[in-house]
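Below is one structure, written out as structure tokens, with a few remarks after it.
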Amino acid sequence: MKYIDEFQDPDLARRLLDDIHSTVTRPWALMEVCGGQTHTIIRHGIDQLLPDQVELIHGPGCPVCVTPLEVIDKALEIASRPEVIFCSFGDMLRVPGTGRDLFQVRSEGGDVRVVYSPLDALRIAQQNPDREVVFFGIGFETTAPPNAMTVYQARRLGIQNFSLLVSHVRVPPAIEAIMQSPSCRVQAFLAAGHVCSVMGVSEYPGLAERFGVPIVVTGFEPLDILEGVRRTVRQLERGEHTVDNAYPRAVRPEGNPAAQAMLADVFEVTDRAWRGIGTIPGSGWRLSQRYREYDAEYRFSVTGIRTREPAECRSGEVLQGLLKPHECEAFGTLCTPRTPLGATMVSSEGACAAYYLYRRLDITTASLEANSVV
Amino acid sequence: MCLAVPGRVLDIEERDGTRMASVDFGGVVKEVCLEYLPDLQIGEYAIVHVGFALQRLDEESAKQTLELFSTLGMLQEEFGDPWELAAQAGGSPLPAAGIDTAQEAQK
Ligand code: SF4
Chain Y
10 MKYIDEFQDP DLARRLLDDI HSTVTRPWAL MEVCGGQTHT IIRHGIDQLL
60 PDQVELIHGP GCPVCVTPLE VIDKALEIAS RPEVIFCSFG DMLRVPGTGR
110 DLFQVRSEGG DVRVVYSPLD ALRIAQQNPD REVVFFGIGF ETTAPPNAMT
160 VYQARRLGIQ NFSLLVSHVR VPPAIEAIMQ SPSCRVQAFL AAGHVCSVMG
210 VSEYPGLAER FGVPIVVTGF EPLDILEGVR RTVRQLERGE HTVDNAYPRA
260 VRPEGNPAAQ AMLADVFEVT DRAWRGIGTI PGSGWRLSQR YREYDAEYRF
310 SVTGIRTREP AECRSGEVLQ GLLKPHECEA FGTLCTPRTP LGATMVSSEG
360 ACAAYYLYRR LDITTASLEA NSVV
Chain X
1410 MCLAVPGRVL DIEERDGTRM ASVDFGGVVK EVCLEYLPDL QIGEYAIVHV
1460 GFALQRLDEE SAKQTLELFS TLGMLQEEFG DPWELAAQAG GSPLPAAGID
1510 TAQEAQK
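Here the protein sequences come in this chain order: Y and X. Mapping of the first sequence onto the working numbering: residues 10 to 383, in sequence order. Mapping of the second sequence onto the working numbering: residues 1410 to 1516, in sequence order.
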């Protein structure tokens, strides 16, 4: 239990762990959906504190990682135009497109700016009426409402030189796709807490019932994860499969109705390609017809883009929980956070990066298996 | 970007017809939109993601989370200079071009 003293409340952590250890009688595979949770799990060695029978499989919930290469390439092309100020969250800067990234576009003279909030991008548009300001709108259900509000505000304020390059993704269709895969081993889900803060839990009972999997809404701190695992394992051992909320301090069953209403106004559900995984039906949002003029893809015709994924990269399998990062041949050798081949290595929330960052001292790829650290 | 951080509302004002607040995240103050939690009051805590308050949080759990995040350096990751972080990660020099950035936009 070498990490446990770092827990905020080590005694509580120990009690939760004891409970999990005494409950488990058989092997179980749980998927944590959110990249933020993967990060916490690896950072605190939670996977090593759990009984051997409880396996945590890392899910596809890193928005930076799943943004399709084609969209990244479109972003790079738009950001290179002299009339454009391209605004993005900081964690998109190093995501490799075909051949380069936003960081390089800026080195080459592109006006790429990092914003904390999409509303900052809107303000830049107000301050620069002679430029075209494009915001890179990626993310799950937590990030989509802020971006939707920004487009709504742009229209309300009559700001014409603002548009959104949209690549939003939704969690429930991804869960469905994972469960339908013939090689799926996932028996339960730790659902992403902040996604549920916005959307509530109503999308999950149908999935839990249909696939016979417990879905436990889980937060992001170490103790939250342990509690999520504890409740999930209890259900599994009892043969139950219900939706349970282990993060009530931030998640109300109805979610945030104002945010949901704005999503329904500004966006419409669409099929969306996930980097490394492929197209998942109904798994994304795009701007609805009424807001089409704010869609950067329509404003700047970015077509004929040819994408090229590095052949060595197996991030698609990593994202679906079919492969652990260190099982990829390129892990830690060809592929590091400095020389990332795939987005799961470049994003700090990506599973490959989490393994690299927090296990760096314990492992080299050659000694991985020998030491069986992971 | 995925991180949603608890913060405390310091003051509230109407700007361009939008309800905005200054919110304190363990020492870093940012502007936050309250349109999705319109009845949030000064002194209350909320979970904030990319400049939007998304759900109320009680004071005790908010403080605990902030303390934990600051111990783990996660506030620095969220609010530090993103170009610096990206340059460090890539081992490359900071690109010189352009005026910046989030700070600039905050003005
Ligand atoms: S280690 Fe690198 S190359 Fe291998 S799957 Fe992860 S991102 Fe791709």
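Where a beta carbon is used, it is the ideal one built from N, C-alpha and C, also for glycine. All figures in this text were calculated on a predicted structure; none of them were measured in a lab.
Give the range of the beta strand (DSSP E) segment to which residue i is assigned.
i              : result
residue 1461/X : 1461–1466
residue 1454/X : 1454–1458
residue 66/Y   : 63–70
residue 290/Y  : 287–296
residue 1427/X : 1427–1434
residue 227/Y  : 224–227
residue 1442/X : 1437–1442
How far does the alpha helix (DSSP H) with residue i in it extend, from its first residue to its last?
i              : result
residue 1424/X : Element bounds for residue 1424/X: not the alpha helix (DSSP H) but the beta strand (DSSP E), 1414–1424.
residue 368/Y  : 360–368
residue 220/Y  : 214–220
residue 205/Y  : 202–208
residue 267/Y  : 266–275
residue 253/Y  : Counting along the chain, residue 253/Y falls outside any alpha helix (DSSP H), though it belongs to the beta strand (DSSP E) covering 252–254.
residue 80/Y   : 78–88
residue 306/Y  : 305–308
residue 31/Y   : 19–32
residue 58/Y   : 55–58
Residues bridged to residue i by DSSP?
i              : result
residue 37/Y   : 63/Y
residue 94/Y   : 120/Y, 142/Y
residue 236/Y  : According to DSSP, which records beta bridges pairwise, residue 236/Y is partnered with nothing at all.
residue 1492/X : Bridge partners of residue 1492/X: none, in fact.
residue 198/Y  : 40/Y, 224/Y
residue 282/Y  : 288/Y
Exposed or buried, what is residue i when buried is set at 16 or more other beta-carbons lying within 10 Å of its beta-carbon?
i              : result
residue 247/Y  : exposed
residue 358/Y  : buried
residue 1482/X : exposed
residue 84/Y   : buried
residue 341/Y  : buried
residue 1493/X : exposed
residue 187/Y  : buried
residue 189/Y  : exposed
residue 1476/X : exposed
residue 1448/X : exposed
residue 241/Y  : buried
residue 101/Y  : buried
residue 329/Y  : buried
residue 1469/X : exposed
residue 113/Y  : buried
residue 1480/X : exposed
residue 1425/X : exposed
residue 34/Y   : exposed
residue 136/Y  : exposed
residue 194/Y  : exposed
residue 215/Y  : exposed
residue 288/Y  : exposed
Problem set entry | Minimum length 4: unbroken alpha helix (DSSP H) runs contained in the stretch 98–186 of chain Y | 111–116, 127–136, 153–165
Exercise. Using a beta-carbon distance cut-off of less than 8 Å, what residues from the stretch 184–205 of chain Y approach chain X?
Worked result: 203
Exercise. Hey, which unbroken runs of the alpha helix (DSSP H) at 4 residues or more fall wholly within the stretch 328–358 of chain Y?
Worked result: 352–355
For this session: Name, going along the chain, the residues of the stretch 67–86 of chain Y whose beta-carbon falls closer than 9 Å to a beta-carbon of chain X.
Result: 70, 71, 72, 73
Exercise. Using Cβ-Cβ distances below 8 Å, what residues of the stretch 248–260 of chain Y are close to chain X?
Worked result: 258, 259, 260
For this session: Note down, in chain order, all residues in the stretch 1419–1451 of chain X with a beta-carbon under 9 Å from any beta-carbon belonging to chain Y.
Result: 1425, 1426, 1427, 1429, 1439, 1440, 1441, 1442, 1444, 1445, 1446, 1447
For this session: Check distances from the C-beta atoms of the stretch 261–291 of chain Y to those of chain X and list, in chain order, the residues that come in under 8 Å.
Result: 261, 265, 267, 268, 271
For this session: Check each residue of the stretch 167–184 of chain Y: if its Cβ is closer than 9 Å to any Cβ of chain X, include it; give the result in chain order.
Result: none
Problem set entry | Within 8 Å of chain Y by C-beta, residues of the stretch 1455–1477 of chain X in sequence order | 1456, 1458, 1459, 1460, 1461, 1463, 1464, 1466, 1467, 1470, 1473, 1474, 1476, 1477
Problem set entry | Positions along the stretch 1484–1497 of chain X whose CB lies within less than 8 Å of some CB in chain Y | 1486, 1488, 1491, 1492, 1494, 1495, 1496
Exercise. Which residues, taken in chain order from the stretch 142–158 of chain Y, show a beta carbon closer than 9 Å to some beta carbon of chain X?
Worked result: 147, 148, 149, 151, 152, 154, 155, 156, 158
For this session: Identify each residue in the stretch 121–135 of chain Y for which the Cβ-Cβ distance to at least one residue of chain X is less than 8 Å, and report them in chain order.
Result: 121, 122, 123, 124, 125, 126, 127, 128, 129, 130, 132, 133
Problem set entry | the stretch 228–250 of chain Y: positions lying closer than 7 Å to chain X by Cβ | 230
Exercise. Using Cβ-Cβ distances below 7 Å, what residues of the stretch 88–107 of chain Y are close to chain X?
Worked result: 98, 99, 100, 102, 103
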